[in-house]
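Participant:
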Amino acid sequence: MDDLNPSTSGDVWVHSDGRRLVVSYVSISRYGSGGPYTFQAILTPNGDITLQYQTMLGTRLNEATIGIQNADGSQGVSVAHNEQYVHDDLAVRFDPPARPHEVSFAARLAADLALDTVVTNTAFLTDAWGQTMVLSATVDVNQVDLSGSAVTLAPALVLPGARLTCTVTLHNDGNAADSVAAVLPVPEHTVFLPGSATGGAVYEEDVNEVRWRGEVPPDGQVSFSFAVVADRPLADGMIIRAVATIDDGTHPPFQQE
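Residues 28 to 284, numbered by this note's numbering, are exactly what the sequence shown covers, in order.
1. Beta carbon of Ile76, beta carbon of Val49: below 7 Å?
2. Starting from Pro212 and walking both ways along the beta strand (DSSP E), at which residues does that stretch end?
3. What is the DSSP secondary structure of Leu88, counted as helix, strand or coil?
4. Just the Cα atoms here: how many angstroms apart are Val218 and Val146?
5. May I have the straight-line CA-CA distance separating Ser51 from Leu88, to the nearest angstrom?
6. Check whether the region 139 to 155 touches the region 103 to 122, taking contact to mean three or more Cβ pairs, one atom from each stretch, closer than 8 Å.
7. Buried or exposed for Ser176, please, with buried defined as at least 16 other CB atoms from any protein chain shown within 10 angstroms of its CB.
8. Around the C-beta of Tyr58, are 16 or more other C-beta atoms found within 10 angstroms, so that it is buried, or is it exposed?
9. Alpha carbon to alpha carbon, how far is Pro212 from Asp143? Give it in angstroms, no decimals.
10. Would you say Met160 faces chain C, with C-beta separation under 7 Å as the test?
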């Protein structure tokens with residue numbers, strides 16, 4: 028109840044026995060008119076709050092407001108607001124939300140799982156009313172991620188007939204090693220420099236490509252390079268591009284430049 032005025036009639040009693048705090052309002056009147064009211068609030072250490080209404084007299088019971096809130100009024104629970112709700116022998120109980128409960132277990136993954144396997148764990152939670160909530164969590168296993176790979180040409184500015192070095196860095200951000208193939212056509216307006224391939228790269232003269240195949244470790248990288256010579260003559264402002272096609276055998280091949 029709101030707008031109580033214990034200064035005009037009634038008493039307020041407080042009792043605590045270590046197990047509960049009881050505040051009793053006995054024959055308390057209301058500002059203006061209404062009452063007297065006799066009720067009590069019982070608070071327990073576990074957060075339960077019980078309001079017990081014994082005798083509710085007067086003509087303004089249709090203006091009852093019942094609820095709880097924190098000290099600054101920013102959070103609360105409303106049961107009734109300015110409405111016909113309260114009556115003799117009514118009890119209202121507030122139970123605090125249940126504390127979170129954690130259930131955990133460990134599982135061992137099969138040793139022969141394929142790359143990029145997705146493992147899903149599904150939980151079925153059924154409450155006291157028979158309502159079921161389904162929650163799931165997933166984890167990627169043996170993931171291979173080569174999206175951070177890079178291709179560079181240096182130096183950035185050259186003259187006709189100058190040498191450029193093309194470097195391919197295959198970077199695996201995943202947690203599993205994989206066999207990777209990389210193919211890089213010799214850039215247009217350049218000629219491959221014989222004997223310049225490093226890091227296990229091989230020049231295929233018949234298709235004018237540099238190819239590399241090998242394993243890229245998890246959270247690691249592997250690099251290979253080769254050199255080319257810019258055409259002579261070469262038009263001013265000509266842009267030379269090096270584009271590698273990278274294939275890990277699991278995902279669709281992609282290009283990087």
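Backbone N, C-alpha and C fix where the C-beta goes; we use that ideal spot for every residue, glycine too.
Facilitator: On the basis of the supplied data:
1. Judged by their CB atoms, Ile76 and Val49 are not nearer to each other than the 7 Å cut-off.
2. 205 to 212 is the extent of the beta strand (DSSP E) around Pro212.
3. Taken through DSSP and simplified to helix, strand or coil, Leu88 comes out as helix.
4. Cα to Cα, the separation comes out at about 48 Å.
5. Ser51 and Leu88: Cα-Cα distance of roughly 19 Å.
6. Contact between the region 139 to 155 and the region 103 to 122 is absent, because fewer than three Cβ pairs lie under 8 Å.
7. Ser176 comes out buried.
8. Tyr58 comes out exposed.
9. Between Asp143 and Pro212, the C-alpha separation is close to 29 Å.
10. Protein chains in the displayed structure number just one, and chain C is not present.
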